[in-house]
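**Q**
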Amino acid sequence: MLLFPVTDHLLRPFAASGRGTLTALGSVGQAWALFTGSLRAIGDLRVWGPMLLPQMARVGVASVPIALFIATFTGIVMSLQASYTLTGTIPVYFVGTLVGKTMILELGPALTGLTLAGRVGANISAELGTMRVTEQVDALETLAYNPLAYLVVPRVLAGLVMFPFVVLLAVAMGIASGWITALELLDMSSAEFIKGLRLFFAPWDVWFAVIKSVSFGAVVTGVGCFCGLQTEQGAEGVGRSATRTVVISSMLILCLDAFWAATLL
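For any residue, its number in my numbering is found by taking its place in the sequence shown, counting from 1, and adding 9.
Shown next, in the form of structure tokens:
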């Protein structure tokens, strides 16, 4: 009598795992369809062309203040912690080395990407999700517009173009704030900080940061568009899509961060 209920209870985790796998594979298929459709839609310049500059302003220019704010305090903390770590063991000018290398190679791109995953990705997802549940996306199709060319292509291209500029500005601000901190709080001279900054600097470091930021821009905007266009169930669904965008984008950014470090360094 108890055999079937017990068996059913034991099999539930496997059933849940199977459903989760099927859902994940379905999402991968939908994402691939969105990607290939967007590549084809790039040819429809008359649709996405007028939308590109406004999206570049929204994705890039409007994100500069929060990126610079975070980079400023990151540079301050890095300078203070580097001084604390190196006290009495390594020449103090290595503070400039640590601040420069860390901001360019890791904290500048990664922190900016994670921040914009919340600011840009969630915004795109909520906007497109609202358009989906209010049937504005269907209206575009009725008017013979390609929704991917009108909604996805300009946002993704804006992310690809503007993310590197935002990241480079954040890196510069982080180094500048670390330099000012070293001068005011650590009794270092500008010559000492700059000596450390130039000691192990290589032009490839900047290109590495640019490559990472381009991939982060593609992930944040692409995931935002995908989750937004998959939105269902009204306002509640819009909130879920925005949350999914931030979570998935953050996870992919961290995975890409490790991938680029393993392959390019």
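Built from N, CA and C at the ideal position, the CB exists for glycine as well.
What are the start and end residues of the alpha helix (DSSP H) that includes T111?
**A** 103 to 111
**Q** Give the range of the alpha helix (DSSP H) segment to which G183 is assigned.
**A** 162 to 194
**Q** By the DSSP assignment, the alpha helix (DSSP H) with L62 in it spans what residues?
**A** L62 -> alpha helix (DSSP H) spans 54 to 68.
**Q** For the alpha helix (DSSP H) containing A227, name the first residue and the last one.
**A** Counting along the chain, the alpha helix (DSSP H) containing A227 begins and ends at 212 to 238.
**Q** Select from E136, I133, T30, A181 the residue whose C-alpha is nearest the C-alpha of T111.
**A** Ranking the options by Cα distance to T111, first place goes to A181.
**Q** Helix, strand or coil: how does DSSP classify S72 here?
**A** helix
**Q** Quick one: what does DSSP say S199 is sitting in, helix, strand or coil?
**A** The answer is helix: DSSP assigns S199 an H, G or I state.
**Q** What's the gap between the Cα of L273 and the Cα of S224?
**A** 14 angstroms
**Q** What is the DSSP secondary structure of T143, counted as helix, strand or coil?
**A** coil
**Q** Am I right that L178 and V228 are in contact with their C-beta atoms under 8 angstroms? What's the rounded C-beta distance?
**A** L178 to V228, Cβ: 20 angstroms. No contact.
**Q** Within its chain, find whatever has a CB closer than 8 angstroms to the CB of A50; leave out the 5 residues flanking it on each side and keep chain order.
**A** V56, W57, N155, L157, A158, V161, V162
**Q** Report the three-state DSSP secondary structure of Y154 (helix, strand or coil).
**A** Three-state result, Y154: coil.
**Q** Rounded to a whole number of angstroms, what is the C-alpha to C-alpha distance between T230 and D196?
**A** 43 angstroms
**Q** In angstroms with no decimal places, state the Cα-to-Cα distance between Y93 and G84.
**A** 14 angstroms
**Q** I need the DSSP call for I85, collapsed to helix, strand or coil.
**A** helix
**Q** May I ask you to report which of helix, strand or coil DSSP gives I133?
**A** helix
**Q** Apart from the five residues just before and just after M87, which ones in its own chain have a Cβ nearer than 8 angstroms to its Cβ?
**A** Taking C-beta separations shorter than 8 angstroms and ignoring five residues to either side along the sequence, the partners of M87 in its chain run L107, V108, T111, M112, L116, G183, G187, following chain order.
**Q** Report the three-state DSSP secondary structure of Q39 (helix, strand or coil).
**A** helix
**Q** From this set, S47, S134, V37, F103, which residue's C-alpha is nearest S250's C-alpha?
**A** S134
**Q** Rounded to the nearest angstrom, what separates D53 and S222 at their Cα positions?
**A** 26 angstroms
**Q** Select from E245, V175, I257, Q239 the residue whose C-alpha is nearest the C-alpha of L137.
**A** Nearest Cα to L137 within the set E245, V175, I257, Q239: Q239.
**Q** Run through DSSP, which three-state label would P22 get?
**A** helix
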